[in-house]
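Structure first, commentary second.
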Amino acid sequence: MPEKNKLKEKLFSKKTNAVLDMSAEELKKCDDFCENYKTFLDIAKTEREAVDYTVELLQKNGFKEFKIGMKPSAGDKIYRINRGKAVIAAIIGSEPIEKGVRLCAAHIDSPRLDLKQFPLYESSEIALFKTHYYGGIKKYQWTAIPLSLHGVIIKADGSSVKVNIGEDESDPVFCVTDLLPHLATEQMKRNLAQGIKGEELNILVGSRPFKDNEESEAVKLNILNILNEKYGIVEDDFISAELEAVPAFKAKDIGFDRSMIGSYGHDDRVCAYTALAATVDCNAPLHTVVTVLTDKEETGSDGNTGLCSAYLKYFIADLAAEYGIAGHTVLSASECLSADVNAAFDPTFPDVNEKNNCSYINHGVCVTKYTGARGKSGTSDASAEFVGKVRRLLDKENVIWQTGELGKVDMGGGGTVAAYIANLDVDTIDVGVPVLSMHAPYEVVSKIDVYMAYRAFYAFMHD
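To convert, note that position 448 of the sequence shown is 447 in numbering that gives the first Met the number 0; the numbers rise steadily by one, no gaps.
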């Protein structure tokens with residue numbers, strides 16, 4: 000080898016497409032792992048459903064609900080649910096808890112259409128639901144696609160009704176209508192952001208009037224009658240309901256080579272699932288492992304089920320108190336992988352990324368030192384020391400990884416829960432899966448990157 004090439008071999012970064020360095024056996028592990036992930040995507044389309052799935056899986060694997068006074072021992076597995084919309088799982092390590100915990104944090108909410116509190120109305124003999132979109136979306140992407148309805152209704156007597164319509168093959172689905180191009184001359188003069196306005200995201204739910212009624216709003220009456228017969232609800236019960244419209248698509252392999260997965264909700268259920276799977280598979284950790292699957296990230300992490308809330312801090316404090324240790328002592332010694340996605344480079348839209356510092360499909364799990372916007376606003380910006388530690392760990396465990404940044408400087412940006420955990424005096428960095436079409440109703444990830452995220456979280460928990 001010429002001297003120049005030897006020097007390049009020694010000095011240049013060797014990060015490249017993971018497929019080139021993986022055996023057929025390793026690729027099969029990626030594919031096999033993702034089959035269960037696709038099942039999770041189809042079952043857990045909302046934060047409540049993700050919690051239900053998680054708790055069932057935890058209980059099957061020996062986790063017990065944590066209660067004050069338990070004082071768990073090394074190897075014990077515990078969990079705590081927060082209002083049915085967030086969950087924390089932990090495995091007690093052999094080291095004293097004052098040496099800190101290994102924390103993984105992912106969110107289980109995704110952009111969607113929420114129903115307003117009085118959603119049902121009739122116009123021109125058509126029944127529709129009024130919505131208020133949740134999280135950052137391109138509104139035009141949510142028209143003319145099949146939608147399913149998920150959530151919970153709390154009736155006047157305090158009883159609750161779970162709703163899941165549109166996922167079974169025999170179920171009806173719903174949709175937001177759009178103008179035909181022949182009549183959309185004025186609409187198409189709008190800019191893209193206003194092509195569909197928020198108040199135009201109305202969901203089509205019925206068209207047949209109640210036959211025995213000659214009064215107005217007979218179609219609305221027919222829909223309410225159907226809902227009353229099925230769920231025992233009246234219109235006022237919508238006031239105390241959380242109903243979410245999400246894409247009715249199933250998770251599917253993408254590409255002739257089946258190398259990718261298309262689905263609603265990869266952001267951030269791809270990191271939630273991989274962190275959860277690593278937790279379930281974790282065996283006899285040195286440090287106590289804590290995995291939190293949280294709500295409300297897409298709207299800023301506020302509220303009592305988001306990570307701006309104190310519920311994670313309180314859990315650590317309650318756990319530490321079982322051993323006579325202050326919660327802040329544990330947090331200050333802890334380390335966290337904020338498990339969230341990054342934007343994968345899209346060759347159709349190359350101008351938004353700086354190619355030397357963005358993530359790519361099939362290049363492994365992405366380590367993101369900082370997020371934020373413009374001058375790193377809203378980020379925790381991990382220290383060089385902690386980045387170095389994570390780098391050494393992933394290399395030691397032969398986890399294929401890359402670095403990434405969310406777009407060019409001044410192009411936009413975004414945040415994760417990393418800053419809120421770092422504010423608790425915890426060393427924190429973002430580690431997650433690159434995603435194509437992020438925040439769209441149908442996102443795409445690489446099977447290799449999904450599996451490498453699982454391996455990264457597993458390695459971190461056993462460090």
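For glycine and all other residues, C-beta sits at the position ideal for the given N, C-alpha and C.
Identity of the residues DSSP links to residue i by a beta bridge
{"i": "A319", "result": "Answer is none; A319 lacks a bridge partner."}
{"i": "Q401", "result": "C365"}
{"i": "P246", "result": "L146"}
{"i": "F128", "result": "L119 and I202"}
{"i": "R101", "result": "V288 and E334"}
{"i": "P433", "result": "N341"}
{"i": "R373", "result": "According to DSSP, R373 bridges with nothing at all."}
Contacting residues, own chain, Cβ-Cβ under 7 Å from residue i (five flanking each side not counted)
{"i": "Y120", "result": "L127, K129 and K219"}
{"i": "V329", "result": "I96, E97, G99, V100, I315 and A319"}
{"i": "N221", "result": "G205, R207, P208 and F209"}
{"i": "D317", "result": "I67"}
{"i": "S123", "result": "none"}
Supposed contact pair residue j and residue i - C-beta distance, whole angstroms, cut 8 Å
{"i": "K138", "j": "L200", "result": "6 Å"}
{"i": "A372", "j": "V434", "result": "That pair is no contact at about 18 Å."}
{"i": "V340", "j": "G431", "result": "5 Å"}
{"i": "R82", "j": "T304", "result": "5 Å"}
{"i": "K115", "j": "H131", "result": "6 Å"}
{"i": "T142", "j": "I225", "result": "Rounded, the Cβ-Cβ distance is 24 Å, inconsistent with contact."}
{"i": "Y453", "j": "A277", "result": "6 Å"}
Span of the alpha helix (DSSP H) around residue i
{"i": "E442", "result": "Looking at the DSSP string, E442 is not in any alpha helix (DSSP H); the run it does join, the beta strand (DSSP E), is E442 to S445."}
{"i": "S331", "result": "G326 to S331"}
{"i": "F32", "result": "A23 to I42"}
{"i": "R207", "result": "Note, R207: premise wrong, no alpha helix (DSSP H); not H, not E."}
{"i": "E2", "result": "E2 to L10"}
{"i": "Y52", "result": "E46 to K59"}
{"i": "V218", "result": "A217 to Y230"}
Limits of the beta strand (DSSP E) - the one that residue i falls within
{"i": "G387", "result": "Note, G387: premise wrong, no beta strand (DSSP E); alpha helix (DSSP H) at A383 to K395."}
{"i": "E121", "result": "R111 to S122"}
Nearest residue (CA-CA) to residue i, options the options
{"i": "T53", "options": "T304, G74 and I80", "result": "I80"}
{"i": "E243", "options": "I447, F62 and K44", "result": "K44"}
{"i": "G68", "options": "P440, E321 and G413", "result": "E321"}
{"i": "V86", "options": "L336, D394 and L292", "result": "L292"}
{"i": "A338", "options": "E297, N224 and T273", "result": "T273"}
{"i": "P66", "options": "E48, A89 and K59", "result": "Sequence inspection shows Lys at residue 66; the Pro mentioned does not correspond to that position. When only C-alpha atoms are compared, the closest one is A89."}
{"i": "D267", "options": "S169, A247, S147 and D108", "result": "D108"}
{"i": "F237", "options": "L223, A247 and E228", "result": "L223"}
{"i": "K249", "options": "F117, S123 and I260", "result": "I260"}
{"i": "K76", "options": "L275, N4, D167 and Y263", "result": "L275"}
{"i": "D113", "options": "A105, S93 and I136", "result": "I136"}
{"i": "E297", "options": "A73, E64, Y133 and L6", "result": "Y133"}
{"i": "T38", "options": "D350, D252 and G197", "result": "D252"}
{"i": "C33", "options": "A458, S262, C307 and A309", "result": "S262"}
{"i": "D448", "options": "C365, V425, H461 and D380", "result": "C365"}
Close beta carbons around residue i, own chain, < 8 Å, minus the five adjacent residues each side
{"i": "T15", "result": "H362"}
{"i": "D409", "result": "R373"}
Cβ shell of residue i (< 6 Å), same chain only, five flanking positions each side left out
{"i": "H265", "result": "V434, E442 and V444"}
{"i": "G150", "result": "V162, E241, L242 and E243"}
The ligand MN heavy atom lying under 8 Å from the CB of residue i
{"i": "I77", "result": "This structure lacks the ligand MN; in fact it carries no ligand of any kind."}
9 Å Cβ cutoff, residue i in contact with chain C
{"i": "R391", "result": "As a matter of chain content, chain C is missing from the structure shown, which is built from one protein chain."}
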